[in-house]
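Under our numbering, the residues of the sequence shown are numbered 13 to 279, in order.
These notes are about the structure you will find just below.
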Amino acid sequence: MRSMEFSGRTVDEAIFHGLNEMGLTIDEVEIETLQSETKGIFGLGSKMAVVRLTERETPVVPDMEQYKKHEHDGERPPRRDRRERDGRRAPREDGESREERDRRAAEEADARYGYSEELAKDLPAAIFLRELLEKMGVEARVLAANTEAGLRLRIDSESMGLLIGRRGETLDALQYLVSLHVNRGAKEYQRITLDTEGYRTRREETLTRLARKTAAQVRASGRSVAMEPMNPYERRILHSALQGFRGVTTYSEGEEPNRHVVIAPER
Numbered sequence: 013m014r015s016m017e018f019s020g021r022t023v024d025e026a027i028f029h030g031l032n033e034m035g036l037t038i039d040e041v042e043i044e045t046l047q048s049e050t051k052g053i054f055g056l057g058s059k060m061a062v063v064r065l066t067e068r069e070t071p072v073v074p075d076m077e078q079y080k081k082h083e084h085d086g087e088r089p090p091r092r093d094r095r096e097r098d099g100r101r102a103p104r105e106d107g108e109s110r111e112e113r114d115r116r117a118a119e120e121a122d123a124r125y126g127y128s129e130e131l132a133k134d135l136p137a138a139i140f141l142r143e144l145l146e147k148m149g150v151e152a153r154v155l156a157a158n159t160e161a162g163l164r165l166r167i168d169s170e171s172m173g174l175l176i177g178r179r180g181e182t183l184d185a186l187q188y189l190v191s192l193h194v195n196r197g198a199k200e201y202q203r204i205t206l207d208t209e210g211y212r213t214r215r216e217e218t219l220t221r222l223a224r225k226t227a228a229q230v231r232a233s234g235r236s237v238a239m240e241p242m243n244p245y246e247r248r249i250l251h252s253a254l255q256g257f258r259g260v261t262t263y264s265e266g267e268e269p270n271r272h273v274v275i276a277p278e279r
């Protein structure tokens, strides 16, 4: 059972670094906050956040027998990671660095969405994003991909932590500004999604697995579960993941920034 300590400017950043380093998802570890971040006065006396991540001996998974009972009701079991299904994911070597894993994630995103730097050259959204990054002093490449869900822009940069921010807040802010710029005065709304080093993709997969696992527990226990506060983008992922999941329903409650999803038994 692996147990490692990680630090960051915030507790969430320390956890994010730890999950990347250990190659695990948040539902596969126990998290212990050893020290919360402190800002200090005028930058003096500030402290980094420190967490300990411990790999679960037996990962918590949904009760598959419950899924089999509803197999003929049109309900599907939790989706396995695409890379596990087609067998293309090679076992992680202990010597693989985070940069190598990030590069591998970017290559997989290229294959999945067909990101192209050439496509991004003349796109208004990509041009505006490059201008924002330049004003931030961030050196980066911007790639683009057209998907059924809208336009996806990927930022390739050495400043991944800066671009993501606490719980993805910086990435969300950039996405909001680009979307506002592109859709101002437009006849048809264009959905914009920003990603960097596969952060969105990994987060979507983690939240989808978490939603389905929690839904199975709610259905078995008959008790509602309130998820942690999330931004609108992440709440939509939870709602979408459980559409058509028999025996449960979802709704959001609370006020920002504490608004969260509740997974409840279907009455």
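Backbone N, C-alpha and C fix where the C-beta goes; we use that ideal spot for every residue, glycine too.
Helix, strand or coil at residue i [DSSP, three-state]
i: K59; result: strand
i: V237; result: strand
i: Q229; result: helix
i: A223; result: helix
i: G35; result: coil
i: S134; result: Note that residue 134 is Asp in the sequence shown, not Ser. Coil, per DSSP.
i: L141; result: helix
i: G266; result: coil
i: S48; result: coil
i: L175; result: helix
i: E25; result: helix
i: G126; result: coil
i: N243; result: coil
i: Q78; result: With a pLDDT of 43 at Q78, under the threshold of 50, the predicted position of this residue should be treated as unreliable, and no value is reported.
i: L250; result: helix
i: G210; result: coil
i: R14; result: coil
i: G30; result: helix
i: Q255; result: coil
Bridge-paired residues (DSSP) for residue i
i: S19; result: V62
i: R153; result: D168
i: P277; result: V260
i: H272; result: E265
i: T159; result: G162
i: E146; result: The partner list for E146 (beta bridge, DSSP) is empty, contrary to what the question assumes.
i: E67; result: V41
Nearest-angstrom beta carbon gap, residue j and residue i [assumed within contact, 8 Å]
i: V23; j: E49; result: 7 Å
i: R21; j: M60; result: 7 Å
i: P241; j: N270; result: 5 Å
i: V62; j: L46; result: 4 Å
i: L206; j: L186; result: 6 Å
i: E25; j: R178; result: 7 Å
i: I249; j: L219; result: 5 Å
i: G126; j: A157; result: 5 Å
i: R247; j: P277; result: Not quite, the Cβ-Cβ distance comes to about 19 Å (not below 8 Å), so this is no contact.
*When the Cβ atoms of the segment 158 to 170 are set against those of the segment 127 to 140, are three or more pairs found closer than 8 Å?*
Because the criterion of three Cβ pairs below 8 Å is met, the segment 158 to 170 and the segment 127 to 140 touch.
_Cβ pair count under 8 Å reaching 3, the segment 214 to 229 against the segment 249 to 257_ = yes
*Taking one C-beta from the segment 207 to 221 and one from the segment 188 to 198 each time, how about it: are there three or more such pairs within less than 8 Å?*
no
*At which residue ranges does the segment 173 to 208 contain complete beta strand (DSSP E) runs of 3 or more residues, listed in the order of the chain?*
204 to 208
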